[in-house]
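First residue of the sequence shown: 0, per numbering that gives the first Met the number 0; consecutive thereafter. Heads up, the beta-carbon is just placed ideally off N, CA and C, and yes, glycines get one too. Since the model is a prediction, treat every value here as computed from it, not as a measurement.
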Amino acid sequence: MREWWLLVGLLCIPLLAVYLHIPPPQLSPALLTWRSAGAFFTFRSNNIFYRETYGAVGSSDVVILLHGFPTSSLDWYKIWEPLNRRFNRVIALDFLGFGFSDKPRPHRYSIFEQASVVEALVSHLGLTEQRVNLLSHDYGDTVALELLYRSDHNRTGHLTINSLCLSNGGIFPETHHPRFLQKLLKDSSFLSPVLTRLTNYMVFSKGLGDVFGPYTQPTDAEFLDMWTGVRFNDGNLVMDSILQFINQRDQHRDRWVGALTSTFIPVHMIYGPLDPVNPHPQFIFLYQWGAKRIWSLYSEI
0 MREWWLLVGL LCIPLLAVYL HIPPPQLSPA LLTWRSAGAF FTFRSNNIFY
50 RETYGAVGSS DVVILLHGFP TSSLDWYKIW EPLNRRFNRV IALDFLGFGF
100 SDKPRPHRYS IFEQASVVEA LVSHLGLTEQ RVNLLSHDYG DTVALELLYR
150 SDHNRTGHLT INSLCLSNGG IFPETHHPRF LQKLLKDSSF LSPVLTRLTN
200 YMVFSKGLGD VFGPYTQPTD AEFLDMWTGV RFNDGNLVMD SILQFINQRD
250 QHRDRWVGAL TSTFIPVHMI YGPLDPVNPH PQFIFLYQWG AKRIWSLYSE
300 I
């Protein structure tokens with residue numbers, strides 16, 4: 000019996016070696032088009048991808064789009080044109096470690112750093128004195144709350160925020176339920192380096208598909224584009240470090256939830272009640288209880 004298991008182990012070694020050297024998927028036409036329509040700027044020696052378009056004539060409104068985990072600015076492609084008809088400038092970026100932006104490793108990724116990336120982009124685009132609107136999702140919600148905190152406390156280099164729109168993000172640690180794989184990776188266990196290398200398209204698409212509603216499931220092509228964005232520049236190998244944002248939400252709850260509950264900036268929450276990570280009704284109950292002081296509109300999709 001022992002010899003049988005040894006034989007299986009020896010056969011698995013070359014198969015594992017082949018798997019670990021599978022190249023990332025080629026960029027699809029959609030991804031190539033998205034990248035060619037964007038540009039890069041430098042933040043602390045790292046290249047950050049962003050896309051900017053000019054839209055509505057006669058409007059001076061600017062909207063900045065902050066994407067979720069583990070995807071990229073491509074998240075916004077379906078609503079880009081409608082936003083372009085409403086705003087004078089529509090801007091989106093890939094956070095450090097995501098999409099087409101650099102993915103340094105080893106690196107201590109943090110929400111604070113990502114907020115600084117956004118501030119640097121605003122400065123790069125000459126919008127420091129411009130009032131901006133923020134539209135965020137998931138991971139981007141927490142970045143937006145850090146930007147809100149800095150704005151309300153007049154921190155050096157802060158954005159001047161005109162309005163904030165959040166959507167389905169774990170802004171309350173007590174109602175946030177990470178997926179099983181996220182729990183393993185965020186705790187930086189000895190398994191993390193192995194899991195980041197063994198995660199494949201099937202695992203990725205199944206896990207991500209579980210957080211979409213039955214009528215909003217991405218197409219196979221969209222799932223593959225998301226996975227390609229993760230694999231680009233070996234981004235799968237930094238997922239465990241990026242996932243420290245879950246622990247950071249716990250550590251800095253008072254700062255970020257406090258910013259939400261004390262601000263006088265108009266805030267809008269878009270919430271899909273089938274979200275298994277931030278489940279209904281616990282999330283909405285806490286949001287409505289905690290956000291009594293702000294101008295808040297509640298939408299269910």
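For the pair residue 94 and residue 61, the CB atoms are not nearer than the 8 Å cut-off. Considering only 98, 216 and 135, the residue with the shortest C-alpha distance to residue 31 is 98. When only Cα atoms are considered, residue 200 and residue 193 end up about 16 Å apart. For residue 45, the enclosing beta strand (DSSP E) begins and ends at 45 to 53.
For the pair residue 244 and residue 203, the Cα-to-Cα distance works out to about 19 Å. If you draw a straight line from the Cα of residue 114 to the Cα of residue 154, it comes to about 12 Å.
Among the bridge pairs identified by DSSP, residue 162 is matched with 132. Straight-line measurement puts the Cα of residue 261 at about 39 Å from the Cα of residue 227. Restricting attention to 170, 129 and 52, the CA atom closest to the CA of residue 143 is found in 170. Membership of residue 266 in the beta strand (DSSP E) is indicated by the continuous run 266 to 270.
Bridge pairing for residue 88: 53 and 61 [DSSP]. Sequence-distant Cβ neighbours of residue 119 in its own chain, meaning closer than 7 Å and more than five residues away, are 42. Residue environment analysis places residue 88 among the buried positions, since at least 16 neighbouring C-beta atoms fall within 10 angstroms of its C-beta.
Shown here, residue 227 sits in a helix according to DSSP, grouped into three states.
From the listed residues 70, 186 and 90, the smallest Cα separation to residue 79 is found for 90. Residue 230 sits close to residue 23, with the two beta carbons spaced by under 8 Å.
Of all alpha-carbon atoms in 34, 285 and 178, the one lying nearest the alpha-carbon of residue 100 is that of 34. Within the same chain, and ignoring the five residues on either side of residue 156 in sequence, the residues whose Cβ sits closer than 6 Å to its Cβ are 118. Separation of the CB atoms of residue 208 and residue 136 is rounded to 17 Å, and the pair is thereby denied contact status at 8 Å. Per DSSP, residue 195 is not a residue of any beta strand (DSSP E); the alpha helix (DSSP H) it occupies stretches across 191 to 197. Residue 39 is bridged by DSSP to 48.
Straight-line measurement puts the Cα of residue 218 at about 42 Å from the Cα of residue 152. With respect to the C-alpha of residue 242, the residue from 186, 282 and 215 having the closest C-alpha is 186.
The C-beta separation of residue 174 from residue 285 comes to about 6 Å, placing the pair in contact by the 8 Å criterion. With respect to the C-alpha of residue 74, the residue from 45, 250, 235 and 223 having the closest C-alpha is 223.
Our two residues, residue 258 and residue 21, have alpha carbons roughly 44 Å apart in a direct line. In the three-state DSSP reduction, residue 76 falls in the helix class (H, G or I).
Per DSSP, the unbroken alpha helix (DSSP H) holding residue 248 starts and ends at 243 to 250. Of the other Cβ atoms in all chains shown, fewer than 16 fall within 10 Å of the Cβ of residue 122; this residue is therefore exposed. Residue range 110 to 123 is occupied by the alpha helix (DSSP H) that includes residue 110.
In the assembly as shown, residue 195 is a buried residue. Its beta-carbon has 16 or more other beta-carbons within 10 Å.
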